[in-house]
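**Student:** Pasting a structure here, questions to come.
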Amino acid sequence: MSQNQKALFIIFGGTGDLAYRKLYPALYKLYKENYLNENFAVIGTARREWSDDYYQEIVTDAIDDIKVSDQHAEEFASHFRYQSHNVKDTENYRTLLHLANTLDEEYEIGGNRVFYLSMSPSFFGTITSHLREEGLVTENGFNRVIIEKPFGTEYENSNELNNEILESFDEEQIYRIDHYLGKEMVQSLMTLRFGNPLIKHLWNQKFISNMQVTLAEDIGVEDRGAYYEQSGALRDMGQNHILQIVSLLLMDEPQSYHSEDVTKEKVNALKNLKLLDSQNIKDKFVRGQYTTSPDAPGILDYLSENEVNEGSIVETFIAGKVESENEQWANTPVYIRTGKRMKGKSTRVDVVFKNDESSLFDADELSENVLTIHIGPTEGLALQLNSKQVGHVFNTEPISLDYQIENSIPDDYEKLILNALQGDKTSFVHWEEVAESWRYIDAIRTAWEADPSDLFKYPVNTNGPKEAYELLEKENHHWFWE
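By the count of the numbering used here, the sequence shown reaches residue 484 at its end, each step adding exactly one.
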């Protein structure tokens, strides 16, 4: 396959923060690496009245820290055009069609189009129907729609949204992006699990005690208070990033690395999750909200953040025990945890192996074997083992075998956009995965709404309320990242 990918990108939300921070740098990196060359163009659309020249200045500013040279950045930005656009106005799509056809001919793109919807999901159906009706969907090239989260707020409206999009595009043309699936170590999970006999044959309930997924953030909600009031940590992080990682940890081995086979096993893993209800929610899940700390007097509590409702009971932290009905994972929980204003920023998976009964060592002499998958901000692996202490006395001590990726790692969006150009959906989310994720999350939300009293406060710069630790301690487990 030739490196050079031919495509016209039409970005709805081209003046937004995501486009500036993520999309334009990602496209430029692909340009630097020759995946994009002469046969591409970008149309940015939004309500603002910008000129092409001003838009190109914005693009060059977005890539200022990574540009090869001023000239190279300007050559890249010359492929960008801007159109002020009202997504509900049919005439605007006709103007967009003319511009798209002009650029297609100018850059010899061959009808390949990527429609990037970086807008509120409420507009997805409107945009996709107009794209089809006004002829922007070509017949002589590929047409792919990349959709950002949040994809609905529950199963019911997510399903309605999906059906609206399916009226204009087939499932195979829809690329639901979850940028965590573009992270190097998340993409390495299947290779780690199924490409190493040492790991593959131990990856089951017979040898694993529990697994822990931590997505910790050290920042607050910042300027997203209004959004967070509608989502909370459960919807913002649980339904997508966390459950995607959980599915990769619990899935059976697929027949191939083809997206259809991978999706099938991920969906099965999500279907096998035990649903929670009002009878067991308190034993299985903890939710919290950050408050002030005397050790950090300058940091606001959640209730004082901009656009947060007075007396809000929205959670900024969740911790829970996720269980599977698959016999392979009987009595092997996956503990999940995510929150704002935690002690540090860390995304990691800890796989805790069972201690073996040994006649040679007492149980309290040995530390648990733990495989840690560092997803971010550092990326790599660490394996905790037991070894003899150096010296004359035969004592044991834990040691760690560490691997850290030191080479330049492609950005999440850079990898995922390239995958979309190549038609590889393996690292994108299929509708069935979305549906099963909402099924699990909706059950938790329903249980909380039935009994909204248990919202535990935790000081900023800590790793959540004490109840999150008690969740593990009652089963003689403990968090490995503290």
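Idealized CB from N, CA, C, for every residue including glycine.
What is the DSSP secondary structure of lysine 2, reduced to helix, strand or coil?
**Tutor:** Lying before the first or after the last residue shown, residue 2 is absent from the chain, which here runs from 3 to 484.
**Student:** If we ignore side chains and look at the alpha-carbon of each, how far apart do threonine 294 and leucine 204 end up?
**Tutor:** By one-based count along the sequence shown, residue 294 stands at place 292. By one-based count along the sequence shown, residue 204 stands at place 202. Computed Cα separation, rounded: 43 Å.
**Student:** Determine the burial state of phenylalanine 396: buried for a count of at least 16 other Cβ atoms within 10 Å of its Cβ, exposed for fewer.
**Tutor:** Residue 396 sits at position 394 when you count from the first residue of the sequence shown. With fewer than 16 other Cβ atoms within 10 Å, it is exposed.
**Student:** Given a threshold of 16 other Cβ atoms within 10 Å of its Cβ, counted over all protein chains shown, does lysine 476 qualify as buried or as exposed?
**Tutor:** On the sequence shown, residue 476 is found 474 positions in, with the first residue counted as 1. Exposed, by the Cβ-count rule.
**Student:** Identify whether alanine 235 lies in helix, strand or coil by the three-state DSSP scheme.
**Tutor:** The residue given as residue 235 occupies position 233 in the sequence shown. Helix, per DSSP.
**Student:** Extract the residue ranges of the alpha helix (DSSP H) inside the region 158-199, only unbroken runs of 4 or more that lie entirely within it.
**Tutor:** 186-189 and 191-196
**Student:** Alpha carbon to alpha carbon, how far is isoleucine 12 from histidine 100? Give it in angstroms, no decimals.
**Tutor:** Indexing the sequence shown from 1 puts residue 100 at position 98. Indexing the sequence shown from 1 puts residue 12 at position 10. Roughly 13 Å separates the two Cα atoms.
**Student:** Tell me the residue span of the alpha helix (DSSP H) that contains valine 61.
**Tutor:** Counting from 1 along the sequence shown, the entry for residue 61 is found at position 59. In the DSSP assignment, valine 61 falls within the unbroken alpha helix (DSSP H) covering 54-64.
**Student:** Ignoring anything shorter than 3 residues, give me the beta strand (DSSP E) runs that lie fully in the region 71-149, in order along the chain.
**Tutor:** 82-86, 115-119 and 145-149
**Student:** With a cut-off of 8 Å, do at least 3 Cβ pairs link the region 27-38 to the region 47-56?
**Tutor:** no
**Student:** Which value, in whole angstroms, describes the spacing of the CA atoms of aspartate 456 and asparagine 161?
**Tutor:** Position 454 of the sequence shown holds residue 456. Position 159 of the sequence shown holds residue 161. Roughly 30 Å between the two C-alpha positions.
**Student:** Is leucine 119 closer than 7 Å to isoleucine 149 when the C-beta atoms are compared?
**Tutor:** The residue labelled residue 149 in the question sits at position 147 within the sequence shown. The residue labelled residue 119 in the question sits at position 117 within the sequence shown. Yes; because the gap between Cβ atoms is below 7 Å, this pair is in contact.
**Student:** Measuring CB atoms only, is the region 375-387 touching the region 415-424, in the sense that at least three cross pairs come out at less than 8 Å?
**Tutor:** no
**Student:** Ignore the nearest five residues each way along the sequence and tell me which others in glutamine 85's own chain have a CB closer than 8 Å to its CB.
**Tutor:** To locate residue 85, count along the sequence shown from 1; it is residue 83. If you ignore the 5 residues before and after glutamine 85, its C-beta comes within less than 8 Å of the C-beta of Ile45, Gly46, Thr47, Asn94, Thr97, Leu98 and Leu101, all in its own chain and listed in chain order.
**Student:** Please say whether histidine 81 and phenylalanine 42 have beta carbons closer to each other than 7 Å?
**Tutor:** Locating residue 42 in the sequence shown gives position 40, counting from the first residue. Locating residue 81 in the sequence shown gives position 79, counting from the first residue. A contact, by the Cβ cut-off of 7 Å.
**Student:** Which same chain residues, not among the five before or five after valine 316, have their C-beta less than 6 Å away from its C-beta?
**Tutor:** The sequence position of residue 316 within the sequence shown is 314, counting from 1. Cβ within range, chain order: Glu231 and Gly234.
**Student:** Measuring alpha carbon to alpha carbon, tell me which of Leu200, Val436 and Gln281 ends up nearest alanine 271.
**Tutor:** Residue mapping note: residue 271 aligns to position 269 of the sequence shown, counting from 1. For alanine 271, the nearest C-alpha among the options comes from Val436.
**Student:** Tell me whether arginine 339 is buried or exposed, calling it buried when 16 or more other Cβ atoms sit within 10 Å of its Cβ.
**Tutor:** Within the sequence shown, the letter at position 337 stands for residue 339. That one is buried.
**Student:** Hey, glycine 290 and tyrosine 460: beta-carbon distance below 7 Å or not?
**Tutor:** If you number the sequence shown from 1, residue 290 lands on position 288. If you number the sequence shown from 1, residue 460 lands on position 458. Between glycine 290 and tyrosine 460, the C-beta spacing is below 7 Å.
**Student:** According to DSSP, what are the bridge partners of leucine 373?
**Tutor:** Here residue 373 refers to the residue found at position 371 of the sequence shown. In the DSSP output, where bridge partners are listed per residue, leucine 373 has Val353 and Leu385.
**Student:** Can you tell me whether aspartate 364 is helix, strand or coil according to DSSP?
**Tutor:** Position 362 of the sequence shown holds residue 364. Correct three-state label for aspartate 364: coil.
**Student:** Would you tell me roughly how many angstroms separate the C-alpha atoms of leucine 38 and tyrosine 337, rounded to the nearest one?
**Tutor:** As a first step, residue 38 is located in the sequence shown; it is residue number 36 there, counting from the start. As a first step, residue 337 is located in the sequence shown; it is residue number 335 there, counting from the start. A straight-line Cα-Cα distance of about 41 Å links leucine 38 and tyrosine 337.
**Student:** When DSSP labels each residue in this structure, what does methionine 3 get in the three-state scheme?
**Tutor:** Here residue 3 corresponds to residue number 1 of the sequence shown, with the count starting at 1. Residue placement at methionine 3 cannot be trusted, given a pLDDT of 44 that sits under 50; what the coordinates show is reported in the next sentence. In this structure, methionine 3 counts as coil in the three-state DSSP scheme.
**Student:** Under 7 Å, do isoleucine 111 and leucine 10 count as touching if we go by C-beta distance?
**Tutor:** In the sequence shown, residue 111 corresponds to position 109, counting from 1. In the sequence shown, residue 10 corresponds to position 8, counting from 1. Yes, the Cβ-Cβ distance between isoleucine 111 and leucine 10 is below 7 Å.
**Student:** Once you ignore the five residues that flank glutamate 267 on each side, which residues in its own chain have a CB closer than 6 Å to its CB?
**Tutor:** Reading the sequence shown from its first residue, position 265 is the one you call residue 267. Excluding residues within five positions, the ones whose Cβ falls inside 6 Å are Met253, Asp254 and Pro256.
**Student:** Just to confirm before moving on: does the CB-CB distance between serine 258 and threonine 428 stay below 7 Å?
**Tutor:** For this step, residue 258 is matched to residue 256 along the sequence shown. For this step, residue 428 is matched to residue 426 along the sequence shown. No, the pair does not count as a contact, with Cβ atoms beyond the cut-off.
**Student:** Once DSSP output is grouped into helix, strand and coil, what is the label at aspartate 404?
**Tutor:** Position 402 of the sequence shown, counting from 1, holds the residue named residue 404. Note: aspartate 404 maps to strand in three-state DSSP.
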